[in-house]
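Novice: Provided herewith is a single structure, encoded as structure tokens, for subsequent inquiry.
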Amino acid sequence: MPPIRTQSSRNSIEQEGRILLAIQAFKNQEISSIREVARRFNVPRSTLSTRLNGIQHRAISRASSH
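Numbered by this note's numbering, the letters in the sequence shown go through residues 54 to 119 in order.
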């Protein structure tokens, strides 16, 4: 039986997908401004900026520390 996910869990999974798409759009130079990419993909600008600077998101860093 598949795991039952809460609404907040689904939202975070969806947001993570939007963040990855936003990073891809910025790196492919489809959109040249981090602020504009964040607005179009509805993701926090600070999170997007942090990820573009090479810092992993919390779930990955937490999983690799164990």
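Quick reminder that beta carbons are idealized off the backbone N, C-alpha and C, glycines included.
Given the structure is predicted, the values throughout are model-derived calculations rather than measurements.
Could you tell me the boundaries of the alpha helix (DSSP H) in which Ile-84 lies?
Specialist: Counting along the chain, Ile-84 falls outside any alpha helix (DSSP H), and DSSP gives it neither H nor E.
Novice: What are the start and end residues of the alpha helix (DSSP H) that includes Thr-100?
Specialist: Unbroken alpha helix (DSSP H) run through Thr-100: 98-105.
Novice: Once you ignore the five residues that flank Asn-95 on each side, which residues in its own chain have a CB closer than 7 Å to its CB?
Specialist: Excluding residues within five positions, the ones whose Cβ falls inside 7 Å are Arg-71.
Novice: Taking only three categories from DSSP, how would you classify Asn-64?
Specialist: In the structure shown, Asn-64 sits in a helix (DSSP, three-state: H, G or I).
Novice: What is the rounded straight-line gap between the Cα of Ser-85 and the Cα of Ile-66?
Specialist: Distance between the alpha carbons of Ser-85 and Ile-66: 25 Å.
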